[in-house]
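*Asks:*
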Amino acid sequence: MEKIMNINKILSFDIGGTKIAYAILDRNGNFLSDVIQHQTPAAPGAVDKILKSVVKRFDNQIDVVAVSTAGTVDTTNSFVTGSVGNMPKGYDQIKFTELSQKPVVVENDANSAVWAEYVLGNAKGCNNAILLTLGTGVGVGIIANSQLLTGKKGAAGEVHFPIRYDNHRLCGCGRYDCLEIYMSGQALGLEAKEVYKNDNVTSHTVIEGLKKNDLSAVTAFHNWQEMVKNGVVLFADIFDPEVILLGGSMAHFIDYKRLNDEANKLVVAPPFLLKEAAFKNNAGLIGAALLAVKKIESK
Ligand SMILES: [Zn+2]
């Protein structure tokens, strides 16, 4: 990778199972353009096509391409290595570094997002911070001793271990009863189906029901929130962070006061602060851009 002395414009992508977003940012994470969104296409190869056409359009205006992506990313920040169950077939074959003549830096979306929170958001000033994004799965970004923790294969924080043993709930990874399938945003909908005994209810039914103090909604939400609390306590005990941030649309409805009180009574080394993440949809774009600058300039 050639050394670039003045990185001022970063074309940043955030690629997930439902949408592909992109924007141009400066080196400090400020947006220089609007955020453009595409639906993630289902056809193999179609994602690659979108990326190529966007890069082609902006390549002569930018210094670096940054990619925040679903899935685990290798430690050279070049390609996706796995955990792409909700992405189109063939996604892990995309050669990101060939998208542009400029340097291309790829990072997992949760890692990108926690880096945005660490530099500019609600983990600013903390040397140890965890971001748990409660979506279809649970995205986990970890800052440990001021470093982004990736692990040997970029899979640090993947939470596919079983928390019960009666094959109750099938996880997206193909096994039963992983923590992820109980504390993800998706899990609130699954909890609702069980509590309401109705396959048509969703997490949104619960959120609407909470406003009317509906007993089933309150029960489903409480059960789910207890699982979120268990996950938070687990990460707090392993990493001893100053702060744990929750992201994803369902994270907005968490009772933070209650969970802070309860979780801090359970962890080995209180206190830590549980908070909602600062950045909503743009965390991946911001974090990937900031990380790309850091990676290239530290080479
Ligand atoms: Zn799993």
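Using my numbering, the letters of the sequence shown correspond one by one to residues 2 to 300.
Every residue, glycine too, gets a C-beta built ideally from N, C-alpha and C.
Here the structure is a predicted model, which means the values were calculated and not measured.
Kindly list the residues whose CB is nearer than 6 Å to the CB of Val120, restricted to its own chain and excluding five residues on each side of it in sequence; keep chain order.
*Replies:* Closer than 6 Å at the Cβ level, and outside the excluded window around Val120, lie Leu291.
*Asks:* Please name the residue, chosen from Thr82, Ile131, Phe273 and Ile297, that lies closest to Gly72 on a Cα-to-Cα basis.
*Replies:* Among Thr82, Ile131, Phe273 and Ile297, the Cα nearest to that of Gly72 is on Thr82.
*Asks:* Quick one: residues in its chain with C-beta nearer than 6 Å to the C-beta of Gly288, no 5 flanking neighbours on either side, listed in chain order?
*Replies:* Excluding sequence neighbours, Gly288 sits near Ser113, Ala114, Trp116 and Ala117.
*Asks:* Measuring from the CB of Arg176, is there a heavy atom of ligand 1 at a distance below 8 Å?
*Replies:* At least one heavy atom of ligand 1 is nearer than 8 Å to the Cβ of Arg176, so yes.
*Asks:* Going by Cα to Cα distance, which pick from Leu26, Leu247, Thr220 and Asn224 is closest to Val233?
*Replies:* Of the listed residues, the one whose Cα sits closest to Val233 is Leu247.
*Asks:* Looking at Val68 and Glu108, is the spacing between their C-beta atoms short of 9 Å?
*Replies:* Closer than 9 Å, so yes.
*Asks:* Can you list, in chain order, the residues of its chain with a C-beta nearer than 8 Å to that of Met2? Leave out the 5 residues immediately preceding and following it.
*Replies:* Confidence at Met2 is low in this model, with a pLDDT of 49, below 50, so the placement of that residue is unreliable and no value is reported for it.
*Asks:* In terms of DSSP beta bridges, what is Cys179 paired with?
*Replies:* BP columns for Cys179 point to Pro163.
*Asks:* Beta-carbon within less than 7 Å of Ala43's beta-carbon, same chain only, minus the 5 sequence neighbours each way: which residues are those?
*Replies:* Here the set comprises Pro89.
*Asks:* What does DSSP give as the partner residue(s) for His39 in the beta ladder?
*Replies:* Bridge partners of His39: Ile21.
*Asks:* Apart from the five residues on each side of it in sequence, which residues of its chain come closer than 6 Å, Cβ to Cβ, to Ser186?
*Replies:* Note on residue identity: the sequence assigns Gly, not Ser, to residue 186. Hits under 6 Å: Leu135, Gly136, Gly249 and Met251.
*Asks:* Entirely within the segment 236–298 and at least 4 residues each: give me those alpha helix (DSSP H) ranges in chain order.
*Replies:* Fully enclosed alpha helix (DSSP H) runs of 4 or longer: 257–267 and 284–298.
*Asks:* Give the DSSP-derived three-state secondary structure of Phe333 in the structure shown.
*Replies:* Any answer about residue 333 is impossible in this case: the structure gives the chain only from 2 up to 300.
*Asks:* Between Phe254 and Leu216, which are expected to be in contact by the criterion C-beta below 8 Å, what is the C-beta distance as a whole number of angstroms?
*Replies:* Not really, about 17 Å apart at Cβ, beyond 8 Å.
*Asks:* Looking at the C-beta of Ser34, does it have a partner C-beta in chain D at a distance below 9 Å?
*Replies:* Absent from the structure: chain D. Only one protein chain is present.
*Asks:* Considering only the beta carbon of each residue, do Thr243 and Cys172 sit closer than 9 Å?
*Replies:* Checking the sequence shown, residue 243 turns out to be Glu, not Thr. No; because the gap between Cβ atoms is not below 9 Å, this pair is not in contact.
*Asks:* Kindly give me the distance between the Cβ atoms of Leu132 and Ala111, rounded to whole angstroms, as I take these residues to be in contact under 8 Å.
*Replies:* That belief holds up - the Cβ atoms of Leu132 and Ala111 are roughly 6 Å apart, short of 8 Å.
*Asks:* For the segment 203–227, which segments carrying the alpha helix (DSSP H) assignment without a break, of at least 4 residues, lie completely within its bounds, in sequence order?
*Replies:* Taking only runs of at least 4 residues, the alpha helix (DSSP H) segments lying wholly in the segment 203–227 are 204–212.
*Asks:* Run the proximity test for Cys127: is its beta-carbon closer than 8 Å to any non-hydrogen atom belonging to ligand 1?
*Replies:* Outside the cutoff, so no.
*Asks:* Using a Cβ-based criterion (distance less than 8 Å to any ligand heavy atom), does His161 qualify as near ligand 1?
*Replies:* His161: yes, Cβ under 8 Å from ligand 1.
*Asks:* Helix, strand or coil for Gly232? Go by DSSP, reduced to three states.
*Replies:* If DSSP states are grouped into helix, strand and coil, Gly232 belongs with the helices.
*Asks:* Confirm, please, whether the CB-CB distance from Ala293 to Ser13 is below 9 Å.
*Replies:* Their beta carbons are under 9 Å apart, which means Ser13 touches Ala293 by this criterion.
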